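**Student:**
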């Protein structure tokens with residue numbers, strides 16, 4: 022670099038690359054540091070854009086942010102496709118939420134009743150209607166609902182597209198690992214390093230292991246279903262994400278562990294639930310079993326904004342299970358904060374100081 | 022090669038390499054042709070030396086050959102260890118045959134009653150005795166038997182050891198693929214090419230697909246059980262082969278297919294049976310899922326001896342599920358045939374002319 026960059030981004034996952042793209046597009050000099058772009062949580066992620074099906078009890082502010090970001094996705098996708106000139110598997114068939122047994126259906130219904138109570142668009146379907154939409158569902162699936170606005174994207178292709186867009190906009194990728202933020206010299210530093218943010222900032226970001234399978238339809242045709250299917254099957258929660266390429270992502274475990282081993286028990290549980298819900302998956306090839314580490318936080322919500330006591334350092338991490346859906350809103354608001362200095366009110370519940378303040382309350 | 026070899030072996034799997042070793046050790050000039058030694062069925066095989074547990078109804082002659090070869094294994098192993106100077110996981114703890122449910126146990130008992138009727142050494146055990154031997158077995162395992170003489174070896178390490186032994190004895194490995202036997206110029210040609218024998222010889226060798234998993238005990242310790250476990254679990258037949266290295270091989274499907282894809286359904290069935298029989302396997306890492314092609318024959322028995330109408334060509338193929346256990350007897354008898362010209366009476370039921378003759382009966 023001949024000149025000091027305006028923005029240094031640590032981490033070339035979707036969040037870091039999208040921030041870099043947005044900043045570079047606004048004329049800032051941007052450098053992104055990552056020894057292995059796209060090798061973090063996004064490499065394993067399924068890419069569901071599910072503000073509705075991910076709206077859980079007591080997470081109102083997060084639900085609002087998910088809904089806001091999901092609403093930004095269509096325009097974000099169109100803009101990115103234009104800027105990068107490559108596709109990234111954005112599909113809008115919607116999501117079916119289904120229950121295998123009566124107990125599973127009761128569990129699913131409890132959640133979607135809550136989601137409907139929030140005014141979110143999820144519509145119960147009679148079993149016959151469910152099967153009209155997806156004949157591949159097992160006959161014994163007891164019932165379900167459709168969240169027509171819960172879409173999907175392919176995270177690996179998304180990273181590739183964002184990288185092209187960021188570089189075309191003038192951002193520079195540097196394949197080095199950042200050990201200390203003080204090693205960087207830039208107007209603003211953005212820590213978008215996923216789980217790596219903990220060591221760099223002291224923020225309470227912890228790894229949450231997820232094991233995921235990738236199947237492939239026989240003969241490399243398209244999978245025999247088109248909706249994302251989120252199912253409860255004998256007490257297991259599983260999702261099935263079909264891609265145009267023939268791939269079906271089956272996920273995911275949620276484990277408070279920091280290793281990335283694939284275990285026999287997790288593969289067994291995922292496959293059993295998947296095949297119980299969509300029997301034809303038994304005939305699919307198993308092409309990949311992998312594990313990734315989501316950046317989890319104490320309240321399951323991301324950490325977005327200025328780091329207290331560290332002028333010029335912004336956090337954009339802690340996206341946990343929601344990094345892909347939250348990429349547009351994160352990129353827009355962080356870029357806006359950098360360019361204008363003004364924090365959008367949407368950021369308020371998610372700023373880093375919520376954890377610092379808590380610590381002060383505890384220790385002072 | 023400056024001089025015409027006495028013996029050309031096509032195929033550097035365990036059978037081909039053991040024949041090469043035996044012939045070279047007797048002073049013959051031996052060349053082994055294989056573009057990828059040890060990449061065939063042996064790469065996926067579990068390596069059970071199970072003449073007893075593999076004795077099936079109506080396969081008397083094969084059972085006798087299996088028993089003969091298994092009896093040769095201890096001396097063969099000692100000699101190979103001496104010649105190669107490396108280990109290959111030869112373990113002699115024996116095999117437990119178990120049934121998970123009452124129906125599974127009835128199925129297992131039907132087979133071991135037959136095996137006992139043949140005078141084979143298999144001893145029923147009370148459930149308490151079974152668990153004394155292997156506390157890792159699930160409490161719901163209904164019963165079983167022990168075949169103390171059914172041992173195991175690690176096929177991948179076996180191939181490596183045989184290769185060293187063959188080369189130390191003077192054999193030469195050439196990494197080329199043999200398209201036609203007429204391309205070879207040697208005193209005797211031995212076709213030990215597994216499934217590849219069909220194209221080279223016209224013999225009725227067909228691929229029988231087997232899918233196999235490799236697990237690894239957590240923390241890289243030894244597995245929590247020491248016997249080979251052959252189980253029937255809710256109608257699935259599965260084996261679990263523990264290695265000193267921490268590896269546990271879980272196998273295997275038997276499919277009349279020629280592809281080597283790993284399918285979701287097969288992995289599900291293998292894992293379910295494995296975890297039902299030995300629950301702690303759920304905590305093991307899943308490190309490999311692979312598929313290989315066994316060289317099957319119309320009568321499930323190997324094809325050993327002179328090829329009719331092709332002077333100087335011997336077959337040593339069609340070992341199906343039994344290539345590892347049959348390696349010593351195959352190598353001994355084929356080497357003897359080459360060196361002395363005399364066919365051991367043991368070979369009589371397995372010579373290639375049984376298929377040629379059958380064809381003649383059909384068409385003349």
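Chains as they are written, first to last, in the numbering used here: chain A, 22 to 385; chain B, 22 to 385.
Note that beta-carbon positions come from the ideal geometry of N, C-alpha and C, so glycine has one too.
None of these values were measured; they are calculated from a predicted model.
1. Beta-carbon within less than 7 Å of residue 204 of chain A's beta-carbon, same chain only, minus the 5 sequence neighbours each way: which residues are those?
2. Is the distance from the Cβ of residue 361 of chain B to the Cβ of residue 325 of chain B below 8 Å?
3. Kindly list the residues whose CB is nearer than 6 Å to the CB of residue 309 of chain B, restricted to its own chain and excluding five residues on each side of it in sequence; keep chain order.
4. State the CB to CB distance for the pair residue 185 of chain A and residue 107 of chain A, rounded to an integer number of angstroms; the pair is presumed to be in contact (CB under 8 Å).
5. Taking 8 Å as the cut-off, does the stretch 269-279 of chain B touch the stretch 220-229 of chain B (at least 3 CB pairs, one atom from each stretch)?
6. State yes or no: is the C-beta of residue 289 of chain A within less than 8 Å of the C-beta of residue 293 of chain B?
7. Just tell me which of B/47, B/258, B/366 and B/73 has its CA closest to the CA of residue 134 of chain B.
8. To the nearest whole angstrom, what separates the beta carbons of residue 180 of chain A and residue 38 of chain A, a pair I think is in contact under 8 Å?
9. Could you tell me which residues DSSP pairs with residue 13 of chain B in its beta bridges?
10. Give the secondary structure of residue 370 of chain A by DSSP, where H, G and I count as helix, E and B as strand, and everything else as coil.
11. Determine contact between the stretch 321-338 of chain B and the stretch 56-72 of chain B, defined as no fewer than three beta-carbon pairs at a distance below 8 Å.
12. For residue 304 of chain B, go through chain A and note every residue whose CB falls closer than 7 Å to its CB, in chain order.
13. Is there contact between the stretch 212-220 of chain A and the stretch 232-250 of chain A, where contact requires at least three CB pairs shorter than 8 Å?
14. Which runs of the alpha helix (DSSP H) at least 4 residues long sit entirely within the stretch 125-150 of chain B? Give them in chain order.
15. What separation, rounded to the nearest whole angstrom, lies between the Cα atoms of residue 384 of chain B and residue 148 of chain A?
16. Step through the CB atoms of chain B and report whether any lies within less than 8 Å of the CB of residue 296 of chain A.
17. Smallest Cα separation from residue 136 of chain B: which of B/150, B/105, B/88 and B/151?
18. When DSSP labels each residue in this structure, what does residue 306 of chain B get in the three-state scheme?
19. Can you give the Cα-Cα distance for residue 71 of chain B and residue 241 of chain B, rounded to whole angstroms?
20. Residues of chain B with CB under 9 Å from residue 293 of chain A, in chain order?
21. Residue 228 of chain A bridges to which residues according to DSSP?
22. Kindly indicate the opening and closing residues of the beta strand (DSSP E) around residue 324 of chain A.
23. Comparing alpha-carbon positions, which option in A/238, A/113 and A/24 lies nearest residue 172 of chain A?
24. Give the interface partners of residue 314 of chain A over in chain B, defined as CB-CB distance under 8 Å, in chain order.
25. Take the Cβ of residue 124 of chain B as the centre, count every other Cβ of all protein chains shown within 10 Å, and call the residue buried at 16 or more, exposed below.
26. Using a Cβ-Cβ cut-off of 8 Å (strictly less than) and excluding sequence neighbours within five positions of residue 127 of chain B, which residues of its own chain qualify?
27. Is the beta carbon of residue 190 of chain B closer than 8 Å to that of residue 94 of chain B?
28. Using a Cβ-Cβ distance under 8 Å, would residue 307 of chain B count as near chain A?
29. So, at 6 Å on beta carbons, what are the nonlocal neighbours of residue 193 of chain A in its own chain, with the 5 sequence-adjacent residues on each side left out?
30. Residue 193 of chain B lies in the beta strand (DSSP E); which residues open and close that run?
31. Reducing DSSP to helix, strand and coil, say where residue 90 of chain A ends up.
32. Figure out for me which residue from A/323, A/101, A/237 and A/265 has the closest Cα to the Cα of residue 285 of chain B.
33. So is residue 340 of chain A buried or exposed if we call it buried at 16+ other beta carbons inside 10 Å?
34. Please list the partners that residue 236 of chain A has in chain B, where partner means a Cβ-to-Cβ separation under 7 Å.
35. Return the residue from the list A/142, A/197, A/167 and A/110 that minimises the CA-CA distance to residue 56 of chain A.
36. So, using beta-carbon positions, are residue 91 of chain A and residue 170 of chain A closer together than 8 Å?
**Tutor:** So, from the data block:
1. The residue labelled residue 204 of chain A in the question sits at position 183 within the first chain. Hits under 7 Å: none found.
2. What you label residue 361 of chain B is simply residue 340 of the second chain in a count that begins at 1. What you label residue 325 of chain B is simply residue 304 of the second chain in a count that begins at 1. No. Outside cutoff.
3. Here residue 309 of chain B refers to the residue found at position 288 of the second chain. Answer for residue 309 of chain B: 235, listed in chain order.
4. As a first step, residue 185 of chain A must be located in the first chain, where it is residue number 164. As a first step, residue 107 of chain A must be located in the first chain, where it is residue number 86. At roughly 6 Å, the Cβ-Cβ gap stays under 8 Å, so residue 185 of chain A and residue 107 of chain A are in contact.
5. yes
6. Mapped onto the first chain, residue 289 of chain A falls at position 268. Mapped onto the second chain, residue 293 of chain B falls at position 272. In this structure, residue 293 of chain B lies closer than 8 Å to residue 289 of chain A by Cβ.
7. On the second chain, position 113 is the one that residue 134 of chain B refers to. Checking every option, the nearest Cα to that of residue 134 of chain B belongs to B/73.
8. The residue given as residue 180 of chain A occupies position 159 in the first chain. The residue given as residue 38 of chain A occupies position 17 in the first chain. Contact holds; Cβ gap of about 7 Å.
9. No statement about residue 13 of chain B is possible, as the shown extent of chain B runs from 22 to 385 and does not include it.
10. Your numbering for residue 370 of chain A matches position 349 in the first chain. Reduced to three states, the DSSP call for residue 370 of chain A is helix.
11. The answer is no - the stretch 56-72 of chain B does not touch the stretch 321-338 of chain B, with fewer than three Cβ pairs under 8 Å.
12. Within the second chain, numbered from 1, the residue matching residue 304 of chain B stands at position 283. Ordered by position in chain A, the residues that pass the 7 Å Cβ test against residue 304 of chain B are 284 and 286.
13. no
14. none
15. Here the question's residue 384 of chain B lines up with position 363 in the second chain. Here the question's residue 148 of chain A lines up with position 127 in the first chain. Model confidence at residue 384 of chain B stands at a pLDDT of 41, short of 50, so the residue's coordinates are unreliable and nothing is read from them.
16. Translated into the one-based positions of the first chain, residue 296 of chain A becomes position 275. True, the Cβ-Cβ gap to chain B drops below 8 Å.
17. Here residue 136 of chain B corresponds to residue number 115 of the second chain, with the count starting at 1. Ranking the options by Cα distance to residue 136 of chain B, first place goes to B/88.
18. On the second chain, position 285 is the one that residue 306 of chain B refers to. It is a strand residue.
19. Counted from its first residue, the second chain places residue 71 of chain B at position 50. Counted from its first residue, the second chain places residue 241 of chain B at position 220. So the two alpha carbons sit approximately 27 Å from each other.
20. One-based indexing of the first chain puts residue 293 of chain A at position 272. Taking a Cβ-Cβ threshold of 9 Å, the residues of chain B close to residue 293 of chain A are 289, 292 and 293, in chain order.
21. Position 207 of the first chain, counting from 1, holds the residue named residue 228 of chain A. Paired residue(s): A/316.
22. The residue you call residue 324 of chain A lines up with position 303 of the first chain. 324-327 is the span of the beta strand (DSSP E), which, as asked, contains residue 324 of chain A.
23. Residue mapping note: residue 172 of chain A aligns to position 151 of the first chain, counting from 1. Among A/238, A/113 and A/24, the Cα nearest to that of residue 172 of chain A is on A/113.
24. On the first chain, residue 314 of chain A is found 293 positions in, with the first residue counted as 1. Chain B residues near residue 314 of chain A: none, gap ~16 Å exceeds 8 Å.
25. Taking the second chain and counting its residues from 1, the one referred to as residue 124 of chain B is at position 103. Residue 124 of chain B is exposed by the Cβ-count criterion.
26. In the second chain, residue 127 of chain B corresponds to position 106, counting from 1. Cβ neighbours of residue 127 of chain B beyond the five flanking positions: 120.
27. Start at 1 with the first residue of the second chain, and residue 94 of chain B comes out as number 73. Start at 1 with the first residue of the second chain, and residue 190 of chain B comes out as number 169. Not closer than 8 Å, so no.
28. Mapped onto the second chain, residue 307 of chain B falls at position 286. So, interface residue.
29. The residue given as residue 193 of chain A occupies position 172 in the first chain. For residue 193 of chain A, where only same-chain residues beyond five positions count, the Cβ hits under 6 Å are 52.
30. The residue labelled residue 193 of chain B in the question sits at position 172 within the second chain. Counting along the chain, the beta strand (DSSP E) containing residue 193 of chain B begins and ends at 193-195.
31. As a first step, residue 90 of chain A is located in the first chain; it is residue number 69 there, counting from the start. It is helical.
32. As a working mapping, residue 285 of chain B is identified with position 264 in the second chain. That would be A/237, whose Cα lies nearest to the Cα of residue 285 of chain B.
33. If you number the first chain from 1, residue 340 of chain A lands on position 319. It is buried - the Cβ of residue 340 of chain A has at least 16 other Cβ atoms within 10 Å.
34. Here residue 236 of chain A refers to the residue found at position 215 of the first chain. Going along chain B in sequence order, the residues near residue 236 of chain A (Cβ under 7 Å) are 285.
35. For the purposes of this step, residue 56 of chain A is taken as residue 35 along the first chain, with counting starting at 1. Taking only the C-alpha atoms, the option nearest residue 56 of chain A is A/197.
36. Here residue 91 of chain A refers to the residue found at position 70 when the first chain is read from its first residue. Here residue 170 of chain A refers to the residue found at position 149 when the first chain is read from its first residue. In this structure, residue 170 of chain A lies closer than 8 Å to residue 91 of chain A by Cβ.
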